[in-house]
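K.L.:
Residue numbers (this note's numbering), protein chains in the order written: chain A, 1 to 189; chain B, 190 to 378.
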DNA sequence: CAAAAAACTTAATCATGGTTAAGAAATGAA
DNA sequence: TTCATTTCTTAACCATGATTAAGTTTTTTG
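Below, the structure is given as structure tokens:
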């Protein structure tokens with residue numbers, strides 16, 4: 001079950017047999033049922049999560065009491081609230097499994113200790129974060145330049161399996177549109 | 190002039206005298222006039238830029254021929270197109286000085302070499318990227334939950350000097366609204 | 001398998017903010 | 001210091017997508 005994370009890390013940096021053992025000792029497998037939460041608003045986010053299998057969403061509740069999906073994480077993606085994780089302040093976010101999901105959790109403490117013992121991990125996370133950051137900038141570009149309809153059609157085009165995988169109302173929220181409008185878009189054509 | 194970058198790095202990791210020398214040898218100071226470009230769409234982005242003094246914007250031109258501002262960088266921020274920088278593919282973005290600006294440039298090659306010699310830099314960039322990534326997620330949250338008017342008022346509230354510093358039409362673009370609408374918002378109250 | 005809960009659809013009305021076009025003000029260069 | 005360019009403003013009209021309120025379908029659970 002830890003294979004997925006070791007494979008992913010080894011795509012970016014090298015690890016000896018002993019180093020891998022050291023890494024594995026710091027990881028914890030967590031099996032989540034559909035709708036189970038890893039983090040709720042108000043809690044301090046003490047862990048970083050790697051999705052081995054399944055899908056997570058990060059969301060928050062707005063002033064009007066509605067949910068706003070900020071992002072999803074599927075297999076081989078990391079998810080945490082870096083703000084809370086680093087500052088030890090309560091999070092504004094929820095992190096929830098949207099289907100049966102296996103995550104690999106690493107605590108802030110364990111991660112910091114690992115960075116001392118395995119400096120390659122700094123490189124690994126730097127690379128992962130560069131990609132995640134670039135992806136968010138790209139997303140901002142799409143949010144501003146594509147209408148809700150175009151964004152949905154692009155999702156369907158680029159990630160057809162993913163569109164099937166998440167409830168429509170969550171996808172609508174992620175795209176910044178209402179479920180009613182998404183439904184209308186799907187109806188025509 | 191390199192003081193600012195050394196100070197910033199030392200806030201996060203330690204550097205000996207020799208290590209600092211090594212670092213400085215890889216950096217290049219670039220003095221930019223207002224409106225001068227560091228990167229234009231179609232070029233490969235080979236450098237990472239640290240703003241020592243002044244202000245940069247990253248933007249792109251949309252299909253309709255309009256400019257869309259993706260982000261700004263002021264003193265002590267890094268800016269690059271990580272996608273192009275890492276993949277060696279042509280960029281979609283422009284990076285431009287919006288006032289007289291001094292940047293410290295580091296080439297991809299020099300950065301990679303420095304990472305070998307100074308592994309602490311991996312940590313430094315990991316930390317910088319964690320913050321930048323978290324900031325983008327927060328921004329997405331605001332984009333979806335605040336109207337254009339509220340976003341502008343929040344900017345004025347939180348970063349009054351910055352609002353004065355950039356032309357209104359760029360700020361409008363950054364917030365995803367038209368300059369006409371921003372003008373209207375400013376007019377009332 | 002039946003009842004309840006969750007997710008999705010449809011349609012009428014409404015509001016935020018875009019578009020267009022013109023003019024005014026500020027900035028910059030000769 | 002004047003002309004040209006850039007930036008900002010105003011206002012009328014318009015469109016995208018939100019809101020509200022049912023009703024329908026699908027999924028979950030006892």
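Glycine included, each C-beta is placed from N, C-alpha and C at the ideal position.
So is residue 70(A) in contact with chain B if we call contact Cβ pairs under 7 Å?
P.N.:
Cβ-Cβ to chain B under 7 Å: yes for residue 70(A).
K.L.:
For chain B, check one thing: does any of its Cβ atoms lie closer than 7 Å to the Cβ of residue 25(A)?
P.N.:
No, residue 25(A) does not count as interfacial toward chain B.
K.L.:
From residue 377(B) to residue 355(B), what distance separates their C-alpha atoms?
P.N.:
Straight-line Cα distance between these residues: approximately 21 Å.
K.L.:
What do you reckon, are the CB atoms on residue 9(A) and residue 133(A) nearer than 7 Å?
P.N.:
No; because the gap between Cβ atoms is not below 7 Å, this pair is not in contact.
K.L.:
Helix, strand or coil for residue 177(A)? Go by DSSP, reduced to three states.
P.N.:
In this structure, residue 177(A) counts as coil in the three-state DSSP scheme.
K.L.:
Would residue 200(A) and residue 68(A) be called neighbours here (beta carbons separated by less than 7 Å)?
P.N.:
Because chain A spans 1 through 189 in this model, residue 200(A) falls outside it and cannot be assessed.
K.L.:
Contact check, residue 215(A) vs residue 107(A) under 8 Å by CB: the rounded distance?
P.N.:
This structure gives no information on residue 215(A), because the portion of chain A shown stretches from 1 to 189.
K.L.:
Check the Cβ of residue 168(A) against every Cβ in chain B and list those closer than 9 Å, keeping chain order.
P.N.:
Those within 9 Å of residue 168(A) in chain B number zero; the least Cβ separation is about 17 Å.
K.L.:
Measuring alpha carbon to alpha carbon, tell me which of 204(B), 220(B), 213(B) and 203(B) ends up nearest residue 288(B).
P.N.:
Considering only alpha carbons, the answer is 220(B).
K.L.:
From residue 12(A) to residue 127(A), what does the alpha carbon distance come to, in whole angstroms?
P.N.:
Rounded to whole angstroms, residue 12(A) to residue 127(A) spans 8 Å at the Cα level.
K.L.:
I'd like to check one pair, residue 171(A) with residue 151(A): are the Cβ atoms closer than 7 Å?
P.N.:
No.
K.L.:
Mind listing the chain A neighbours of residue 251(B)? Cutoff is C-beta to C-beta under 7 Å, in chain order.
P.N.:
The contacting residues are 145.
K.L.:
Counting only Cβ-Cβ distances shorter than 7 Å, please list the residues of the segment 82-93 of chain A near chain B, keeping chain order.
P.N.:
The segment 82-93 of chain A vs chain B, Cβ under 7 Å: 82, 83 and 86.
K.L.:
Determine the closest residue to residue 3(A) out of 50(A), 179(A) and 84(A), with distance taken between C-alpha atoms.
P.N.:
Residue 3(A) has its Cα closest to that of 50(A), out of 50(A), 179(A) and 84(A).
K.L.:
Can you tell me whether residue 88(A) is buried or exposed? The criterion is at least 16 other CB atoms within 10 Å of its CB, across all chains shown.
P.N.:
Result: exposed.
K.L.:
Based on DSSP bridge pairs, tell me the residues matched to residue 78(A).
P.N.:
50(A).
K.L.:
Please list, in chain order, the chain B residues whose beta carbon lies closer than 9 Å to that of residue 123(A).
P.N.:
Within 9 Å Cβ-Cβ: 304, 308, 311 and 315.
K.L.:
Is it right to say residue 325(B) is buried, meaning 16 or more other beta carbons lie within 10 angstroms of its own, or is it exposed?
P.N.:
Buried, by the Cβ-count rule.
K.L.:
Between the Cα of residue 251(B) and the Cα atoms of 143(A), 27(A), 184(A) and 163(A), which residue gives the shortest distance?
P.N.:
Among 143(A), 27(A), 184(A) and 163(A), the Cα nearest to that of residue 251(B) is on 143(A).
K.L.:
With 7 Å set as the bound, which would you pick, yes or no: does the beta-carbon of residue 338(B) sit closer than that to a beta-carbon of chain A?
P.N.:
By this cut-off, residue 338(B) is not an interface position.
K.L.:
Closest to residue 371(B) by CA distance: which of 352(B), 337(B) and 269(B) is it?
P.N.:
Nearest C-alpha to residue 371(B): 337(B).
K.L.:
What residue range is occupied by the uninterrupted alpha helix (DSSP H) comprising residue 209(B)?
P.N.:
Residues 206-214.
K.L.:
Any idea what DSSP makes of residue 38(A), helix, strand or coil?
P.N.:
Looking at residue 38(A) - three-state DSSP - the assignment turns out to be strand.
K.L.:
Kindly indicate the opening and closing residues of the alpha helix (DSSP H) around residue 137(A).
P.N.:
Per DSSP, residue 137(A) belongs to the alpha helix (DSSP H) from 120-145.
K.L.:
Against residue 133(A), what residues of chain B qualify as contacts under a CB-to-CB distance less than 7 Å, listed in chain order?
P.N.:
The answer, in chain order, is 271, 318, 321, 322 and 325.
K.L.:
For residue 243(B), would you say it is in contact with chain A, using Cβ-to-Cβ distances shorter than 7 Å as the test?
P.N.:
With 7 Å as the cut-off, residue 243(B) does not count as an interface residue toward chain A.
K.L.:
If you run the structure through DSSP and keep just helix, strand and coil, what is residue 288(B)?
P.N.:
Of the three classes helix, strand and coil, the one that applies to residue 288(B) here is coil, per DSSP.
K.L.:
Going by C-alpha distance, which of 243(B), 273(B) and 274(B) is nearest residue 224(B)?
P.N.:
Out of 243(B), 273(B) and 274(B), 243(B) has the C-alpha closest to the C-alpha of residue 224(B).
K.L.:
State the Cα-Cα distance for the pair residue 330(B) and residue 207(B), rounded to the nearest angstrom.
P.N.:
Rounded to the nearest angstrom, the two C-alpha atoms are 43 Å apart.
K.L.:
Would you call residue 113(A) buried or exposed, if buried means 16 or more other Cβ atoms sit within 10 Å of its Cβ?
P.N.:
Looking at its Cβ environment, which holds fewer than 16 other Cβ atoms inside 10 Å, residue 113(A) is exposed.
K.L.:
Out of 75(A), 58(A) and 168(A), state which residue places its alpha-carbon closest to the alpha-carbon of residue 96(A).
P.N.:
Nearest C-alpha to residue 96(A): 58(A).
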